[in-house]
Every structure is written in C-alpha cells, then in structure tokens.
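Numbering (my numbering), first residue to last: 177 to 1191.
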C-alpha cells in the first residue's frame, strides 16, 4: 500500500485547504514530519486513518469530539481526500464527517450527515471511475484490500513509539491485550469463554440436581417421622461425593420402619373394631328397652286422661242429637221469619203513603183509591193540547230575546269595523314608510361591514407594529450588549491563547518527572527544563476562555437574528396598518396612523354598523305588519257586510214570531183557570195520580203479607210437633249452625279414636313385657360406646398415617432414584467440560505453566515478532542485543508472554523493562518494525510501502541515531518510504525531505521542503 496524495479541508487544526504530496515526500525514502507542539503533526496521520476507516485512532476518538476545525468558515465543509495504491489498484477516497452547516433560509444551523466517495483510476481511459457512495460498501472494499483492521493499521503503519515502549515494560496481561487486538485471537478467547460457560452451566445443573435430591431427602425425613428409628438422616452439601448413595440408603431404612409400623397399626384397628361393635350392640338393646318402657307408660297416661273426659264426651253427644232433630224444623222457621219481614215492610210503606193522602181518603181501601186515580187521569188527558201551546209560546219569547241579543252584537261589530276602516289609509302609509327605511338601513349596513373588517385588520396590525417596535428596541439593546460581551470574550481567549503558547515550554517542563522519559523526546534525563514565569496559562483556562467566547459569539448571532426577525415583522405590520380599508393607501391625514386613531375609527364604524343592522332587522317585521293589516282590512269589510245581511233577516223573522205568538195567546185563554199556568196545573194532577196509584198498590201488598204470615205460623207448629218439641220456640232454641255441629262431631270422634288407640297400645305384648323389667339406663351404654368409638378412630388415624407414610416414602424414593439416574450423565459431562475449561484457562494441574489458550497462540505470534525484530535490533545496537520470547512463570503469575533481551557483551538474559531510555527506543522501534512485518504477513501479504514513526528519537545519542537512521534508510531497498514524526532538531539536518506543520492564528498550514535547511 503506497500513499500518493492527501488533501485536507477544515480538518482538525487546519482551517484552510492543505495538500500533501506523498510521492514527493517518498522520493528520498525517509522524510521528516515536524512542527511545534499542537500544530497538527498527528492530525496528518489522523486524516490518513479517517480516510481509510472513517474514524481516527481510538485514543483520539473520544465521545463528543469533533473533527471540524474551529478556524473554518461556516460555509466550508470539513473533508479529507486520500489517493493511494493498494492491491495493484489506484483509488481515491473522499470522506466528510457529520458536521453542522447553515440552513438554506439563513436562520440557524442543521447537521449534515456523513458522506463518503470511492473512485478508481482507469489507466486505459485516463479517467476516474466512481465505485460507491455507501459507507458500508466502501468499508468492506477497503478492508478486503488493506487486510487490516483500524487498530492493526494504527500499530503497523502509524508506529506509536510510546505504545511499544510501554509494551516492552508491560506485564503478560497488558501484552496479551495489545497482541490480541493486532492478531485477532478473539476466537481462542471465545473458546475459553465458551468452555468456562459450559463448565458453569454443567456445574449449575449438577448442583441443581443435588439440591433437588437434598430437597427430596428433606421431604422423606418429614414424611418418615419416627419410622427411621435412631438412624440419623444424611446431611451432605450439594456437590459432595456419595450424596446420592447416602440418601438412597437412608430412604430404604425409613421405608422398612414404615412398613413395620403399618402392620402394627392394622392389628390395633382390628381389636378396636371388635370392641366398638360389642358396645354398639349393647347401646342398641338399652335404647330399645327404654323406648318400650316409655311407650307403655305414655299409653297408661293417655288412658287416665280419656277417663277424665268421658262425661264431657257424653254431654256433647246428647247436644249433637238434639241439634240434629231441630234441623228438621229449620225450613218452617225460615219461612215464618220471611213472612214476618214482608208483612212489616208492606205495613210501613202503606202507613207512609196514607199520611200523604187527603183526609177524605185516609181510610179508603185499595178499590176506592184506584177509582179516584182513574178519574184524575181522564182530567189530565184533556190538558195535553194546551200544554203544547204554552210551551211554544215560551219558545217564541226566548227566540225573540235571542234575536235582540244578536242585533246588539251585530251593532257593536259594525261600529268597530267602521271605526277601524276610517284609519286604514294612514296605517297603510306608515307601514310602507317603515319598509323603505329598513331597506335603506340594510344597504348602509352592508357598506359599513365592508369597511369594518379591514379597519380591524389595520388596528391589529398597528398594535402588533407598536409591540414589535418596543421588542426591537429591547433586542437592539441586547444585541449591543452581546456584541460587547463577544468582543471581550474573544480578546480574552486570544490573549490567554497567546500567553499559553509563550509558556508552552514551561508547561511541558512542569509535567516532567525525574527518571521518567520525556513525552516529547523520550529521554529520561532533563538537564535544563524551562522555568515557570508564574504567569503560565494552563489548558483548562484556555478551554474555559474559548468556551466563553463560543457562547458569547452564539449569543451575539442569536441576538442579531432576533433583531432582524423583529425588524422585518415590524415593517410588515406597519405596511398592513397603512393599508386603506378600500385597498389603497390611507385616506386619513396621518400616513402612519396611530393605534388610538384606528381604535376611534373602528369604534365609529362599529356603532354605525350596529345602528344600521338594528334598523335593517325590522324590514321583515314591517312587511309582515303590512300583510297583516291588509288581511285585516279585507276581514273588516266582510264582517260589516255580514252584519248588515243578518240585521235584515232578523227583521223578517221577528215579524213572523209576533204573528204566531198572538194566535197561541188566544188558544190558551180558552183553557186557563187562573191558577198559574197550564203546565203547573197539569203537574199537580200528575203528582196526585202517582200518589193514588202507589197507595192502592201498597194497600193490596199489606193485605197479602198478613195472609202469608198466618199460613207460615200453621206450618211451623205442625213441624215442631213432629220433631218432638213442645213449642216452635223450643225447636228454635235447640238449633245449631253447621260449623258448630261439625266441631261437636269432631270432638266426639277424636275421643273415640284416642280411646281405641290407647286400648290397642296397652294390648301390645312387648311394651307390657318391658314394663315388668327394671328401668333402662341408655346413658351408661352411650358413654361406653363413645369410649370404644374414640379408641377405634384413634387406631384408624394411626393406621391411615402409617399407610400415608409408606406411600409417601415409596413415591419420594422413586423420585429420588429417578433424579439420581438422570444426574449421572450430567456428572460425567461436568467432569469432562470442567477438565477442558481448566486446561484452556490455565488453572488445571495438567497445565504446568498455567498458560491460557489465547496466551499460547499469542506466544507463538510473539515469538515470530521477536525473531523479526531481532534482525533490525542487531543493526541498531551494533550486534549487542537480541529479543527472545520467554514462557517462564514470573512469581505466581501465569506464563506465556514474557519478552527478554539477551546482551551479547555480558551473555546475560534480562527483562526488557531494564533497558535505558535510548535502548528502549531502538528496541521498541525494532519491535514495531518486526510487528509490522508479522502483521503484514498475517493480513495476507499486503505490501506496506509507506510507514510513519511517531516520536522518541530525542533519547538517542549521535552514534545510535546514525545506526537507527541507517536501518530506516535500508527500508528504501524494499521500495518503502518512512515518515518520522519528531521534534529533534538534529533530524532536520540528517533528513533533507521534510513536511513542516506551521501553527498560525487562523489555523495551521503545511510546507514541503525537499532540501536541507540552509541550502
């Protein structure tokens, strides 16, 4: 891989575009990259790494770090372009990191996404051919061509001497981490981790199985109770050998004891059942004897009670017999009572009517009263025609009165209509004027509405203009203050930066430690460190000042944008406020009207608009009022005409009624007796006829009722005699109601039934025999039975417990045996995996050197690196030193990655950490070059034509420096170029081709020199 050209733009400390021609630098084989501290020497190497991998070396890829130059102008993109040849192909890589850019509208910033371009040079056509713009595709293509990861590239191509110096002094663990990144031995570490994981998993499964067996053992211990006797249960821990055998042995002992206890409990239950059956039989016999004795005693008590009630029962039976004989007289008694009630009713009615009759008819009989009634009915028939004439005369009188009432009403209606019609013309004219006024108001309201909304818009615009003007004034004050603050912050930052640059040597001197190598030149001797003047500025102060400057500048930009927005908005609002409601410029005398004037205009237009709307809203009501008046005018005319027509008709009707009334008066004069009207005389006759008819009928009913009573008395006397009673009154006194008779019969029947039942019970042989025996004692028999029952339940409980214990122990023993059988393969797997995991992790006794698998592989690589480094180290040290790999253990640590140096002058072998500063440098340089050769071979043999060596040459004396330069110069024989990054002034004389990085206020720049200084 050979670098041809590098183009930087706004990258790191480089504010402007920089071009680096590696072809010109590589012409001499060795070139020097130098410049003051902080100028950007390492940034050149970062740019190469960023172009290839899209990221800078890991130590400088801190979170939140930006690759964009702080010196770059806002419109300039941060960009890196690298042209190189790799794998026989000439490629051009151009990358842009994610970076802020100004928005297109000029307000604020937006983040531009990262972009990449890959092109290939076509030698036949002489043109560049685009390959891809995808980050992923470009990364995969370059990774395949280069054959190294970013970490490998940074260790092999960009040789950081400080890292390899630490590598020489580091322990085995630190060397293992570096070599693991370079040679990608993660698969071997993954094998170790996988075996360790499988060991932990198998161990967890085995322990889990042991815990389950112990849990079953604990449950068997609880279930066994005293079955195991004095044999103690096992108490092993998970993972203990012999755990399963101990648990199974104790389970067999517990089962044997449980079986023995179960047999004993069965025998005890059989004996208890026999005793309980005998006690039960005795209890049943005693209860039966007690029942028979109580039954016989109850029968005797019932017999005595029956004898005491015998006389009462005989009396009830006689009373029931007498009542049944009285029932045969009951129909005759009911007939006589009915006849008596009818007689009293007829007599009372006749007495009331007789009191209303005239005195001459008070004692008349029914026939005489009927004769008088017939005569009066004849007189009433002669008055019927006169009554009709009289009724017609009354009707005529009422009809004439109705005609008079209608005449008066029509007069009122006609007068009201004539009065309203007299004012019709004036009313119609008034309605028409109201309609015309409302129409004019509607036109005016529409015109005012068209002017009102624009006026309101102008008022709002004027208010917004005044508000924005005030805010713009405040924003102007804030902008002035922000500009002053930004200027002061910039001056403070530039002053601190200038002072820090002047005191940089003192700052570097302050970080030196006696005996420790310098971070710049690598020397452990510090003969004349720069003194501290007391006014030194540390990086924290400069960064704080720069942050304050950045914040102040951002605040100034924000204030400028805010003021511009407010000014533009205020101008637009003022233009809207000057716009006339009719669309032109304002017609007011003031070309820029105030908000107060516009408020008065809007208020006047709103008042006029409301008044016009209020008046216009009455148009519909006025039209409706005119329509109603016209309809009423027609109705009034019709009413007056109808009243005149009815008046003419009434006059004709009144004359006809008068003629009819005169004729009826002549007819009534012929039959009138002078005592009231004909109707009143006829009414009096009708009342007399009704009274006489009722009196005659009542007299006949009274005579018939007396005769029926006499007949009933005769039939009652005959029925009482036949039933055996002396008088009807005696029969009536002996009668009873049906319900009373049923009650008496039930009482007699109950006594007889009870007497028969008692006799039957006293005749039973078993109760009679039991009564002759001593009194029974069921309580004592029950107590004896309860005692036997409790003993049986206790024995059964013991038996059930023994059965359950046996079943539970059998079940748990089977589960334990199954667990033990299933755990066997797991134990075998665990033993195998644990052995392999311990062997690869270096913890097994079989691994004598305690070397991990990854360390074993890395040891082979380290041995190759040491062999390749020794070839160059012999030249650099004039044949004195040789690097060898050692797998010896150091103390209690693991072995495998030891690195020793052999001193041919003394023949001794010692650790590389004992080398001096200069020796450490050329040893680390040889190690770095050897590592580059091995890694290149590991990556597939990709040729590395350009290498960079970073710092460390200041620790070498002049002779050693010449030898190191010769070794580096020998790389030209392999057509390689080496770039040395160093501050050492002597190198500027020895290396004629130089790339100088110059630090300036507006950003660093690069300068190419191809001849020694001073030439």
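Note that the Cβ used here is the ideal one computed from N, Cα and C, for glycine as well. Quick caveat: nothing in here was measured; it's all calculated off a predicted structure.
In this model, residue 180 and residue 267 are separated by some 10 Å (Cα to Cα). Burial state of residue 961 is buried, judged by a 10 Å Cβ sphere holding 16 or more other Cβ atoms. A Cβ-Cβ separation of about 41 Å leaves residue 442 out of contact with residue 949 under the 8 Å criterion.
Around the beta carbon of residue 786, fewer than 16 other beta carbons lie within 10 angstroms, which makes this residue exposed.
Contact annotation: residue 368 and residue 1016 have beta-carbon atoms nearer than 7 Å. Annotated three-state conformation of residue 974 is helix, per DSSP. With 16 or more neighbouring CB atoms inside 10 Å of its own CB, residue 208 falls in the buried class.
Cβ-Cβ distances below 7 Å link residue 361 to 1030, 1033, 1034 in the same chain, with the five nearest sequence neighbours on each side left out; the list follows chain order. Boundaries of the beta strand (DSSP E) around residue 306: 303 to 308. Distance from the CA of residue 875 to the CA of residue 883, rounded to the nearest whole angstrom, comes to 13 Å. Residue pairing by DSSP puts residue 1155 in a beta bridge opposite 207, 1124. When DSSP states are grouped into helix, strand and coil, residue 596 belongs to the helix group. As a beta-bridge residue in DSSP terms, residue 185 pairs with 255. Distance from residue 819 to residue 590 at the Cβ level is roughly 4 Å; contact confirmed, criterion being Cβ atoms closer than 8 Å. Contact check for residue 661 against residue 728 passes: the beta carbons are separated by less than 7 Å. Where residue 292 is concerned, the enclosing beta strand (DSSP E) starts and stops at 291 to 298.
DSSP lists 1062 as the beta-bridge partner residues of residue 1074. Between the alpha carbons of residue 500 and residue 911 lies a distance of about 8 Å. In the DSSP assignment, residue 469 falls outside any beta strand (DSSP E) and within the unbroken alpha helix (DSSP H) covering 419 to 484. Three or more beta-carbon pairs drawn from the region 984 to 991 and the region 421 to 435 are found closer than 8 Å, and the two stretches are therefore classed as touching. Boundaries of the alpha helix (DSSP H) around residue 782: 771 to 792. Beyond the five residues adjoining it in sequence on each side, residue 251 comes within less than 6 Å, by CB distance, of no other residue in the same chain.
Of 194, 253, 177, the smallest CA-CA separation from residue 262 is found for 177. Proximity of the region 389 to 408 to the region 374 to 381 falls short of the contact definition, fewer than three beta-carbon pairs being nearer than 8 Å. With contacts defined by Cβ atoms closer than 7 Å, residue 677 and residue 721 do not form a contacting pair. Around the Cβ of residue 778, a 10 Å sphere holds 16 or more other Cβ atoms; the residue is buried. In this structure, residue 1027 lies near residue 1018, with their beta-carbon atoms less than 7 Å apart.
The Cβ neighbour count for residue 886, taken over all protein chains shown within 10 Å, is under 16; the residue is labelled exposed.
Between the alpha carbons of residue 934 and residue 483 lies a distance of about 11 Å.
Less than 7 Å separates the beta-carbon of residue 522 from that of residue 877.
For residue 1041, the enclosing alpha helix (DSSP H) begins and ends at 1029 to 1052.
In the displayed model, residue 190 falls within a strand according to three-state DSSP.
A straight line joining the alpha-carbon of residue 244 with that of residue 269 spans about 18 Å. Excluding its 5 nearest sequence neighbours in each direction, residue 791 has C-beta neighbours in its own chain below 7 Å: 613, 614, 617, listed in chain order. CA-to-CA, the gap between residue 229 and residue 295 works out to about 16 Å.
The three-state reading of DSSP puts residue 989 in helix, counting H, G and I together.
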